[in-house]
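Heads up: the sequence lines are chains A and B, in that order.
Numbered per our numbering, the first sequence finishes at 494, counting up by one with no gaps.
Numbered per our numbering, the second sequence finishes at 189, counting up by one with no gaps.
A virtual CB, placed ideally from N, CA and C, is assigned to each residue, including glycine.
Read the structure below first, then the notes.
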Amino acid sequence: MSYVKKDLISINDLSKSDILYFVETAKEFKKISLQDIKKVPTMRGKTILNLFFEPSTRTKTSFEIAQKRLSADTINLSISQSSVAKGESLSDTILNLQAMKPDAFIIRHYESGAPFFISNITNASVINAGDGINEHPTQCLLDIMTIFEHKKEIKSLKIAIIGDIFHSRVARSDIAGLSKLGAEIYLYGPQTLMPRFINSDNIKIAGSMETAVKEADVIIMLRVQKERTSFYFIPSIEEYRNYFKLTSEILKLASKDVLILHPGPVNRDVEISGSIINSGKTVILDQVENGIAIRMACLYILLGGRHS
Amino acid sequence: MIDKKLNEIIFKNDEVNKIIDDLAAKIIKFKFNFSNLIIVGIKEGGVALSDLIHKKVKEGTGFDCLSGYVDITLYRDDSFAVKKTVKSTEMPFNINDKDILLVDDVIYSGRTVRAAIDDLICFGRPKSVKLAVLIDRGGREIPICPDFTGKKIKIPNKYDVKVELASKNKFIEKI
Numbered sequence: 187m188s189y190v191k192k193d194l195i196s197i198n199d200l201s202k203s204d205i206l207y208f209v210e211t212a213k214e215f216k217k218i219s220l221q222d223i224k225k226v227p228t229m230r231g232k233t234i235l236n237l238f239f240e241p242s243t244r245t246k247t248s249f250e251i252a253q254k255r256l257s258a259d260t261i262n263l264s265i266s267q268s269s270v271a272k273g274e275s276l277s278d279t280i281l282n283l284q285a286m287k288p289d290a291f292i293i294r295h296y297e298s299g300a301p302f303f304i305s306n307i308t309n310a311s312v313i314n315a316g317d318g319i320n321e322h323p324t325q326c327l328l329d330i331m332t333i334f335e336h337k338k339e340i341k342s343l344k345i346a347i348i349g350d351i352f353h354s355r356v357a358r359s360d361i362a363g364l365s366k367l368g369a370e371i372y373l374y375g376p377q378t379l380m381p382r383f384i385n386s387d388n389i390k391i392a393g394s395m396e397t398a399v400k401e402a403d404v405i406i407m408l409r410v411q412k413e414r415t416s417f418y419f420i421p422s423i424e425e426y427r428n429y430f431k432l433t434s435e436i437l438k439l440a441s442k443d444v445l446i447l448h449p450g451p452v453n454r455d456v457e458i459s460g461s462i463i464n465s466g467k468t469v470i471l472d473q474v475e476n477g478i479a480i481r482m483a484c485l486y487i488l489l490g491g492r493h494s
Numbered sequence: 015m016i017d018k019k020l021n022e023i024i025f026k027n028d029e030v031n032k033i034i035d036d037l038a039a040k041i042i043k044f045k046f047n048f049s050n051l052i053i054v055g056i057k058e059g060g061v062a063l064s065d066l067i068h069k070k071v072k073e074g075t076g077f078d079c080l081s082g083y084v085d086i087t088l089y090r091d092d093s094f095a096v097k098k099t100v101k102s103t104e105m106p107f108n109i110n111d112k113d114i115l116l117v118d119d120v121i122y123s124g125r126t127v128r129a130a131i132d133d134l135i136c137f138g139r140p141k142s143v144k145l146a147v148l149i150d151r152g153g154r155e156i157p158i159c160p161d162f163t164g165k166k167i168k169i170p171n172k173y174d175v176k177v178e179l180a181s182k183n184k185f186i187e188k189i
């Protein structure tokens, strides 16, 4: 099994067997984080640039730890202190960095499509670490890995994705990835934040929180993206809380061994009750742990591939 | 064009069993503290052999040593020259101050063993590491020498040596 593309931009570029290959490889990398010496020499001499044009805690730290555990040399560019702040264009920034011969760029950008644009002007590998409202492929892979740790199959699981679907790159990638594995997906959220078109039989729009959660095997709660919605889409946070928060009451409708995921950061008691998190019913921290393994696997597979 | 006659069985069945028995006998004769010994097979070739040696050590000494496996994929000195699926290193115990017997089927350049030692050391600081191989075919590229050898044979570079021990029909062939 091998994967020969140089970049990971969209989950849509991966076949079902590619997804399983990434997840299987990540399982092996997960063990490295449990060793006494949490490091392997595999990527000695590889240089990786992390370009985060948007704030990030989990993804950025997780990519950096993944790189360090693989012995790569990593450089984090703080965009606010770079020449981007002086008005340099994105392509000039990348071409200049490209001249320093990095082996990979990890890109988080507020514009949808920025990593794709960058992948076309550099011969280094590019990994999309979240672009605007478009995609977040490594999050999708780590969600799939986390679900597989608890469920044998994803095929025909009922998976509810609840919240701001429209602005969520996590939702977009998760829907694409989980669909490839045959899940039944139910979407629910404020009308203004639902996708405009759905063209697949396995994706349904639920009419209520109850319909979405009822007998769900997996619930993926999304964050209310205050920075993107700026309250034009929902009347108020209080209203969102009243209608779209996952509470212990509603959760009782779900399947007995339901898994609750959240990509973080969590707005406690906005999209999900703090008590559900406190009681350990979510797998949010498993997602974070698996995030490192998935990113190690992505780097290993992409940088190791024989691509032209 | 591939010449099928190139595949030549060098040893089979009883001959192979004898080489394994001799190798196990050398290991048993050596003054190991068997209660402190871990037998570690190098994946994939060393797995079947290390299981056999483990069994024979148990029969010969009564000690049921711990056993583990190392996968060297991530420790290669040419990480990306050969694209391999990453497999597990299985070392579910503390190896600090243990005596380790590394086991592989064939030793050639010595690079695999170098990588295996590198992998081992990530799990702790063993008291000692010894190396047992079934076939030493020469051709070392780095200064590594097995402590216990089943059979030394000279095989030209153009051939591969394949060892099949897992099935009933055991054989060693050059390809």
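For chain A, is any of its Cβ atoms less than 9 Å away from the one on residue i?
{"i": "V100(B)", "result": "yes"}
{"i": "I53(B)", "result": "no"}
{"i": "D111(B)", "result": "no"}
{"i": "D119(B)", "result": "no"}
{"i": "D174(B)", "result": "no"}
{"i": "K70(B)", "result": "no"}
{"i": "D28(B)", "result": "no"}
{"i": "D132(B)", "result": "yes"}
{"i": "D78(B)", "result": "no"}
{"i": "D85(B)", "result": "yes"}
Residue i and residue j look like a contact to me (Cβ under 8 Å); what is the Cβ gap, rounded to whole Å?
{"i": "S248(A)", "j": "L489(A)", "result": "About 17 Å separates the two Cβ atoms, so there is no contact after all."}
{"i": "G349(A)", "j": "G375(A)", "result": "5 Å"}
{"i": "P451(A)", "j": "T243(A)", "result": "7 Å"}
{"i": "L115(B)", "j": "I34(B)", "result": "Actually they are not in contact, since the Cβ atoms of L115(B) and I34(B) sit about 14 Å apart, beyond 8 Å."}
{"i": "G82(B)", "j": "E104(B)", "result": "5 Å"}
{"i": "K337(A)", "j": "I205(A)", "result": "Going by Cβ atoms, the distance from K337(A) to I205(A) rounds to 15 Å, so no, they are not a contact pair."}
{"i": "M482(A)", "j": "F215(A)", "result": "4 Å"}
List, in chain order, every chain B residue whose beta-carbon is nearer than 7 Å to that of residue i.
{"i": "E214(A)", "result": "V100, K101 and S102"}
Name the chain A residues that come within less than 9 Å of residue i, Cβ to Cβ?
{"i": "Y89(B)", "result": "V226, P227 and T228"}
What residue from the options has the CA that sits closest to residue i's CA?
{"i": "R128(B)", "options": "I56(B), L80(B) and K72(B)", "result": "I56(B)"}
{"i": "I420(A)", "options": "I470(A), F352(A) and I307(A)", "result": "F352(A)"}
{"i": "T324(A)", "options": "P227(A), S394(A), I234(A) and G363(A)", "result": "G363(A)"}
{"i": "S93(B)", "options": "V120(B), G164(B) and T126(B)", "result": "T126(B)"}
{"i": "S422(A)", "options": "S461(A), G450(A), E457(A) and L327(A)", "result": "E457(A)"}
{"i": "I480(A)", "options": "L328(A), Q221(A) and M286(A)", "result": "L328(A)"}
{"i": "V444(A)", "options": "A402(A), S277(A) and T211(A)", "result": "A402(A)"}
{"i": "I23(B)", "options": "V175(B), S181(B), A180(B) and K32(B)", "result": "V175(B)"}
{"i": "R90(B)", "options": "A290(A), T433(A), T332(A) and R230(A)", "result": "R230(A)"}
{"i": "A146(B)", "options": "I169(B), H68(B) and A180(B)", "result": "H68(B)"}
What is the rounded straight-line gap between the Cα of residue i and the Cα of residue j?
{"i": "S465(A)", "j": "A346(A)", "result": "21 Å"}
{"i": "H493(A)", "j": "N47(B)", "result": "For H493(A), the predicted model reports a pLDDT of 43, less than 50, meaning its position is unreliable; a value from the coordinates is still stated below. Distance between the alpha carbons of H493(A) and N47(B) is about 50 Å."}
{"i": "A369(A)", "j": "I197(A)", "result": "15 Å"}
{"i": "I195(A)", "j": "K467(A)", "result": "32 Å"}
{"i": "T75(B)", "j": "S64(B)", "result": "16 Å"}
{"i": "S394(A)", "j": "P241(A)", "result": "32 Å"}
{"i": "L437(A)", "j": "V399(A)", "result": "7 Å"}
{"i": "E396(A)", "j": "K344(A)", "result": "13 Å"}
{"i": "K390(A)", "j": "C484(A)", "result": "31 Å"}
{"i": "F185(B)", "j": "N31(B)", "result": "9 Å"}
{"i": "E339(A)", "j": "L373(A)", "result": "20 Å"}
{"i": "F77(B)", "j": "A38(B)", "result": "14 Å"}
{"i": "K8(B)", "j": "E178(B)", "result": "This structure cannot speak to residue 8(B), because chain B is shown only from 15 to 189."}
{"i": "A10(B)", "j": "V226(A)", "result": "In the structure displayed, chain B extends from 15 to 189; residue 10(B) sits before or after that span and is not available."}
{"i": "R139(B)", "j": "D85(B)", "result": "18 Å"}
{"i": "L220(A)", "j": "E187(B)", "result": "39 Å"}
{"i": "V474(A)", "j": "R358(A)", "result": "19 Å"}
{"i": "I109(B)", "j": "F137(B)", "result": "7 Å"}
Can a CB atom of chain B be found closer than 9 Å to the CB of residue i?
{"i": "T211(A)", "result": "yes"}
{"i": "L194(A)", "result": "no"}
{"i": "I218(A)", "result": "yes"}
{"i": "Y486(A)", "result": "yes"}
Which residues in chain D have a C-beta closer than 7 Å to the C-beta of residue i? List them in chain order.
{"i": "G477(A)", "result": "The structure shown has no chain D; the protein chains it does contain are A and B."}
Can you list the residues of chain A that residue i reaches, using a CB-CB cut of under 8 Å?
{"i": "F137(B)", "result": "Q221, D222 and I223"}
Is there at least one non-hydrogen atom of the ligand ZN closer than 8 Å to the beta-carbon of residue i?
{"i": "I280(A)", "result": "For the ligand ZN, the structure offers nothing, since it holds no ligand at all."}
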